[in-house]
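Working notes for the structure below.
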Amino acid sequence: MSDVRVGIVSFEHVHTPSYVRCLSNMPGAFLAAASDDDAERLKAARVNYPFIKEWFSSHAQLIEDPNVDAIVITANNAAHADLAVAAARAGKHILCEKPLATTVADGQRIIAAAAEAGVRLMTAFPVRFSPAIAQARDAIRRGDLGRILGACTSNHGSMPGGWFTDEAKSGGGAVMDHTVHVADLLRWMLDDEVMEVYGECDTLLHDIETDDVGQLVMRFSRGTIVSLDTSWSRPKSYSTWGDVKMEIKGEKGNLSLNCFPRAINVFDDSEMRHTGFGAGDDLDSLMISEFINAVRENREPLVTGKDGLHAVVVAIAAYQAAKGRKVSKIETGGGAVLV
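Going by the numbering used here, the sequence shown opens with residue 236, and the numbers climb by one from there.
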């Protein structure tokens, strides 16, 4: 297959520059076009990325461009659904920034449109591609830790500002922004589904309208209990957008993981040993490479639209729990998720 011709839809998201960098020199991909419906952002992007030849002031024009095979959606969260549905109907493969949508109904609408059109749909969860996460998942699947009893996890970050603090565009604050990453990782690593969520969230650190701190407790179907701190508690000078950490407790051993130094330490009492691993791969590049390869090979990507929807459901359930001061129960069935 020839190179996949990719279009960038919006420069509204803070991750867009990294995705452009990855696509600009990725084997099997050609960054063919970009669009932005904001005149100032479009002007700045054209200056910053002169190697992109085709530019559009309308997302619809890019989506309908016959010279584009696939799109990367990096608009504000609330815009994802309409853009993704339009792209699917135009026959474009889709890599959508997380969260997939801000409501369950919109997430289901995206998935249905992609399935009907027969296009590939991937949710942008770069931490799935962390070698440390892969090694931890393998250790859990091999049974090295025994039955998984519980975990303490965190995904902190700096408060991003802008539309992230406008609930109409973001769907929520820190809980929406960072819960989805960890919820997805845990589902994948444990091969299990979240069934109950309790959460507390508030605005304590910044003068903004959305939540900037959140604490969640999740119970999985096989009984694993996981806590998650998903706060925007890092200073602006912090070196990464997050600091995904996990302490996983099993019947036979513990696992300690930090995704951004990309290191994992396994402590095994049965042999009284400590094993350390490390790696330094570019997670965004690995993620986008998987999307391009899935399109070229006509197969499902490692992270699907349904994965994205499941993670959104957990975040929404946390907000409902915090509002009602009671546990939210999640029902699953037939590939759908309902809160």
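Ideal Cβ positions, reconstructed from N, Cα and C, are used throughout, including at glycine.
Bear in mind that the values here come from a model prediction, so they are computed numbers and not experimental data.
Residue burial classification, residue i (beta-carbon count within 10 angstroms, cutoff 16)
| i | result |
| --- | --- |
| Gly449 | buried |
| Glu486 | exposed |
| Glu332 | buried |
| Pro536 | buried |
| Arg457 | exposed |
| Asp412 | buried |
| Ala641 | The structure shown does not extend to residue 641, since the chain is modelled only from 236 to 574, so the question has no answer here. |
| Arg534 | exposed |
| Lys561 | exposed |
| Pro285 | exposed |
| Asp442 | exposed |
| Gly569 | Caution applies to Gly569, whose pLDDT of 39 falls short of 50 and renders its modelled position unreliable; the model cannot decide the point. |
| Glu532 | exposed |
| Met453 | buried |
| Ser466 | buried |
| Pro262 | exposed |
| Glu444 | exposed |
Same chain only: Cβ atoms within 7 Å of residue i, ignoring 5 sequence neighbours per side
| i | result |
| --- | --- |
| Arg344 | Ala316 and Val320 |
| Ala322 | Ile298, Ile306 and Ile329 |
| Lys480 | Thr388, Ser389, Leu492 and Asn493 |
| Gly540 | Leu335, Ile345, Ile346, Ala349, Leu356 and Thr358 |
| Ala249 | Before going on, a small fix: residue 249 reads as Val here, not Ala. Counting only Cβ-Cβ distances below 7 Å, and skipping sequence neighbours, we find Pro395. |
| Arg281 | Trp290 |
Opposing strand residues paired with residue i [DSSP bridges]
| i | result |
| --- | --- |
| Cys331 | Ile308 and Thr358 |
| Met430 | None; Met430 has no bridge partner. |
| Lys480 | Ser389 and Asn493 |
| Met453 | Val432 and Val461 |
| Phe291 | Ser270 |
| Phe350 | Note on identity: in this sequence residue 350 is Ala, with Phe being the wrong assignment. DSSP lists no partner for Ala350. |
| Phe265 | Arg240 |
| Gly485 | Ile383 |
| Ala469 | According to the sequence provided, residue 469 is Arg. The question's Ala does not apply to it. Answer is Ser393. |
| Ser245 | In the DSSP output, where bridge partners are listed per residue, Ser245 has none listed. |
CB-CB length for residue i against residue j, believed under 8 Å
| i | j | result |
| --- | --- | --- |
| Ile329 | Ile346 | Contact flag wrong, Cβ pair sits at about 11 Å. |
| Ala553 | Val432 | 5 Å |
| Asp447 | Thr438 | 5 Å |
| Val415 | Ala546 | 4 Å |
| Arg324 | Ala295 | Between Ala295 and Arg324 the Cβ distance is about 11 Å, and since that is not below 8 Å, they are no contact. |
| Val429 | Ile551 | Val429 to Ile551, Cβ: 12 Å. No contact. |
| Ala269 | Ile287 | 5 Å |
| Gly342 | Leu544 | 4 Å |
| Asp419 | Arg355 | Actually they are not in contact, since the Cβ atoms of Asp419 and Arg355 sit about 18 Å apart, beyond 8 Å. |
| Ala557 | Cys436 | 5 Å |
| Asn311 | Ser405 | 7 Å |
| Val461 | Ala367 | In fact, because the Cβ distance is near 17 Å, the residues do not count as touching under 8 Å. |
| Gly434 | Leu451 | 4 Å |
| Asp478 | Phe495 | 6 Å |
| Phe455 | Asp427 | 4 Å |
Contacting residues, own chain, Cβ-Cβ under 6 Å from residue i (five flanking each side not counted)
| i | result |
| --- | --- |
| Cys257 | Asp519, Ser520 and Ile523 |
| Val417 | Thr388, Asn390 and Leu463 |
| Val530 | Val239, Ala305, His328 and Arg355 |
| Arg469 | His391, Gly392 and Ser393 |
Close Cβ partners of residue i (< 8 Å) along its chain, the five nearest in sequence each way excluded
| i | result |
| --- | --- |
| Ile375 | Ile383, Met424, Leu425, Ile483, Gly485 and Leu490 |
| Ser292 | Ser270, Asp271, Asp272, Ala274 and Leu277 |
| Asp542 | Thr358, Phe360, Asp419, Arg422 and Trp423 |
Residue i Cβ short of 6 Å to the ligand HEM heavy atom set
| i | result |
| --- | --- |
| Ile308 | Absence of the ligand HEM is noted for the structure shown, with no ligands found whatsoever. |
Count the C-beta pairs between the segment 393-402 and the segment 515-534 that are closer than 8 Å, then say yes if the count reaches three, no if not. Here the segment 393-402 makes no contact with the segment 515-534; the two share fewer than three CB pairs at distances below 8 Å.
Could you say if the segment 328-344 and the segment 267-276 meet the contact criterion of at least three C-beta pairs nearer than 8 Å? The answer is no - the segment 267-276 does not touch the segment 328-344, with fewer than three Cβ pairs under 8 Å.
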